[in-house]
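Numbering (my numbering), first residue to last: 27 to 96.
Right under this line is the structure:
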């Protein structure tokens, strides 16, 4: 079977390794468009760069407001 990897694949793998080394992991989720719109609104109101940052802040705020054992 021919090798179909590209330089971009290697760059992506290096990026993921750097992220893991700093304690971060990527997550791909499929959400309803309405939920994405809400996340985008939160992102814009808080002046954040990404949806990931918006989700992280929401989770941190939720944890601070209602500490519980998961």
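The C-beta atom is built at its ideal place from N, Cα and C for all residues, glycine as well.
No experiment lies behind these values; they were computed from the predicted model shown.
| request: On a CA-only basis, which of 43, 50 and 80 is nearest residue 68? Give me that one, please. | output: 80
| query | If we ignore side chains and look at the alpha-carbon of each, how far apart do residue 41 and residue 92 end up? | reply | 34 Å
| Collapsed DSSP secondary structure at residue 61 in the structure displayed | helix
| said: Quick check: the Cα distance between residue 45 and residue 75, rounded to an integer number of angstroms? | reply: 17 Å
| Opening and closing residue of the alpha helix (DSSP H) in which residue 50 lies | Per DSSP, residue 50 belongs to no alpha helix (DSSP H) and is neither H nor E.
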